[in-house]
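S.K.:
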């Protein structure tokens, strides 16, 4: 009779935990810990927000660890199906979607989903696959086709309208195209035009922000957001209220903050969306400058580590995806903190692992899982 001895638990788990990028995991855990603390402090009197946030975070981390087990080559095979599915869902959303507050962003497929979230990952995945297939034989026509693949989901999302999510998808795709070898000679003219355009808007703000002036390509509410950013006092009880109260909350926190659950602007309901888009205002009020710096240390460590993984990735697909995921994470942080502190227009962009929101949390978990997968393959190859 043959006796088969079962391997110890540690030995059975070793294939799952070996090769993980420890600095990246530490950064994620550090940010997550601050996110949970902030959600408890800002949302303890806001229904079940803290419990739901903790559940969403555990789900995102679980998906992150599962995706990290999948080799990048297999993930690359999902590029076309995910991108195609995402675009079809966006088309279906425009035709049959659920409209709330004038925006058609949700689709009922048995459960209510927001298809645009899928494109945050599917679009850069598709573009990285595109450039991997053309490695060594890239021509200008390939970049034109790549811009076409990027603009299709961006325009469908902007049509909903959801400019915040659309810009995140656009940024993720542009990172892939830039890392694929787009010449600076083509990038610099757009940067110059952007700087000139922003300067012109600031200088002519008194004229172009009049009610009778129509801005091309933008909805009236989008024009109002930009004009409110330039002068929040013009609408102190409307759109300007968000910016003014956010700045007051952050400034009143001082160096050390008012303390856990002690934010007056937060708990007296002066900060709108205090557990979602404007949670950094609540964070700044209760944890102050030192708390904000501690959170920024985590984000900086994650971004720097992600760029190191991208630089050392073994294939073009891996390098493009790692770079896009890392800089997309930077975009989330920069845009959210910028809009809360009054240097960018207010758009619906969450603060990663701190803002409440299940769909965005899952998307971030999947993205970081892909980054871990790329870093893990490199380490396993070395060993």
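Numbering (the UniProt record's numbering), first residue to last: 1 to 383.
Think of the CB as a built atom: it goes at the ideal place given N, C-alpha and C, for glycine as much as any other residue.
Only a predicted model underlies this, so the values are computations on that prediction, with no experimental measurement involved.
Does the count of Cβ pairs from the stretch 356–366 and the stretch 51–67 closer than 8 angstroms reach three?
M.R.: They touch, by the three-pair rule.
S.K.: Using three-state DSSP, classify residue 122 as helix, strand or coil.
M.R.: Three-state result, residue 122: helix.
S.K.: Report the three-state DSSP secondary structure of residue 309 (helix, strand or coil).
M.R.: Three-state DSSP puts residue 309 in a helix.
S.K.: At which residues does the alpha helix (DSSP H) containing residue 29 begin and terminate?
M.R.: Its alpha helix (DSSP H) spans residues 22–43.
S.K.: Determine, using beta carbons only, whether residue 374 and residue 321 come nearer to each other than 8 angstroms.
M.R.: Yes.
S.K.: Excluding the 5 residues flanking residue 3 on each side, which residues of the same chain have their C-beta closer than 7 angstroms to its C-beta?
M.R.: Reliability of the predicted coordinates at residue 3 is poor, the pLDDT of 49 falling under 50, and no value is obtained from them.
S.K.: Less than 8 angstroms between the C-beta atoms of residue 386 and residue 153, yes or no?
M.R.: Because the chain spans 1 through 383 in this model, residue 386 falls outside it and cannot be assessed.
S.K.: So is residue 255 buried or exposed if we call it buried at 16+ other beta carbons inside 10 Å?
M.R.: That one is exposed.
S.K.: Does residue 299 come within less than 8 angstroms of chain B when only Cβ atoms are used?
M.R.: Among the protein chains of the structure shown there is no chain B, as only one such chain exists.
S.K.: In whole angstroms, what separates the C-alpha of residue 150 from that of residue 127?
M.R.: About 8 angstroms.
S.K.: Among residues of its own chain, excluding the 5 on either side of residue 232, which ones have a beta-carbon nearer than 6 angstroms to its beta-carbon?
M.R.: Closer than 6 angstroms at the Cβ level, and outside the excluded window around residue 232, lie 240, 243 and 244.
S.K.: List the residues that DSSP assigns as beta-bridge partners of residue 106.
M.R.: Note: residue 106 sits in a beta bridge opposite 98.
S.K.: Span of the alpha helix (DSSP H) holding residue 227?
M.R.: Element bounds for residue 227: 220–230.
S.K.: Whole angstroms are fine: how far does the CA of residue 115 sit from the CA of residue 165?
M.R.: Roughly 11 angstroms separates the two Cα atoms.
S.K.: Following the continuous alpha helix (DSSP H) through residue 205, name the residue where it begins and the one where it ends.
M.R.: Segment 205–208, the alpha helix (DSSP H) holding residue 205.
S.K.: With distances taken from CA atoms, which of 49, 267 and 332 is nearest residue 296?
M.R.: It is 332 whose Cα lies nearest to the Cα of residue 296.
S.K.: Are the beta-carbon atoms belonging to residue 367 and residue 328 less than 8 angstroms from one another?
M.R.: Taking 8 angstroms as the Cβ cut-off, residue 367 and residue 328 qualify as a contacting pair.
S.K.: Considering Cα atoms alone, identify which of 298, 135 and 260 is closest to residue 37.
M.R.: Residue 260 is the option with its Cα nearest to residue 37.
S.K.: Could you check the C-alpha separation between residue 169 and residue 252 for me, to the nearest Å?
M.R.: Spanning the two alpha carbons is a distance of roughly 34 angstroms.
S.K.: Rounded to whole angstroms, how far is the Cβ of residue 398 from the Cβ of residue 365, which I believe are closer than 8 angstroms?
M.R.: Residue numbering for the chain in the displayed model covers 1 to 383; residue 398 lies beyond these limits and cannot be assessed.
S.K.: Nearest to residue 176 by CA position, among 310, 31 and 136, is which residue?
M.R.: Considering only alpha carbons, the answer is 310.
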